[in-house]
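Numbered as in my numbering, the sequence shown ends at 127 without a single skipped number. Every residue, glycine too, gets a C-beta built ideally from N, C-alpha and C.
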Amino acid sequence: MSGDGDSTLRLVGVDELGDSQVTVVSDTPHGDLAVGISDGRPFAVSNRCRHLFASLGKGEVTDDGRLRCPAHSALYDVISGKMQVGPQGVFRPLAGPVKATVGSRPLKVYPVEIRDDAIWLVR
Ligand code: FES
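Here you go:
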């Protein structure tokens, strides 16, 4: 991370994202963020899954552009921050919709842009 005046903060180089297309960037003004690229667009969201707080930056961006939690595969829309598909496996909700206690609060979403082959936080 490095600053550029007061308006933006470099988070990560695009070529540092790897195959998962997302990573954890620590110690930003907003704490740890999951930062990546979805459908060619950069995103930055709060890093902790709304289910059991797994690090979303250690997950992956799916082919359809959603952020998958590495623990139980919940899927998030990185534009709205909403959990669109709840936890899977033994944590799968009994009814279809994401339960009120799981994923009811969206991730926080922060404005970012791509410049000089890096993702920058716009402050
Ligand atoms: S911790 Fe993310 S789906 Fe369980």
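Taking Cβ to Cβ, would you say T27 is nearer than 8 Å to V16? Position 23 of the sequence shown, counted from the first residue, corresponds to residue 27. Position 12 of the sequence shown, counted from the first residue, corresponds to residue 16. A contact, by the Cβ cut-off of 8 Å.
Would you mind giving the Cβ-Cβ distance between L60 and A38, rounded to the nearest angstrom? I have them listed as a contact below 8 Å. For the purposes of this step, residue 60 is taken as the residue at position 56 of the sequence shown. For the purposes of this step, residue 38 is taken as the residue at position 34 of the sequence shown. Yes, they are in contact, since the Cβ atoms of L60 and A38 sit about 4 Å apart, within 8 Å.
Enumerated in chain order, which unbroken segments of the beta strand (DSSP E) with a length of 3 residues or greater are wholly contained in the segment 7-63? If we require 3 residues or more, the beta strand (DSSP E) runs fully inside the segment 7-63 come out as 12-17, 26-32, 35-42 and 45-50.
DSSP-derived helix/strand/coil call for V82: One-based indexing of the sequence shown puts residue 82 at position 78. It is coil, neither helix nor strand.
H55 beta carbon near the ligand FES (any heavy atom closer than 7 Å): Against the sequence shown, residue 55 aligns to sequence position 51. Yes - the ligand FES has a heavy atom lying nearer than 7 Å to the Cβ of H55.
Does the distance from the CB of Y80 to the CB of Q88 come in under 8 Å? Taking the first residue of the sequence shown as 1, we reach residue 80 at position 76. Taking the first residue of the sequence shown as 1, we reach residue 88 at position 84. Yes, the pair counts as a contact, with Cβ atoms nearer than the cut-off.
Does at least one heavy atom of the ligand FES sit under 7 Å from the Cβ of P91? Your numbering for residue 91 matches position 87 in the sequence shown. For the ligand FES, a non-hydrogen atom lies closer than 7 Å to the CB of P91.
Assumed close pair V113, V49 - CB separation to whole angstroms, cut-off 8 Å: As a working mapping, residue 113 is identified with position 109 in the sequence shown. As a working mapping, residue 49 is identified with position 45 in the sequence shown. V113 to V49, Cβ: 5 Å. Contact.
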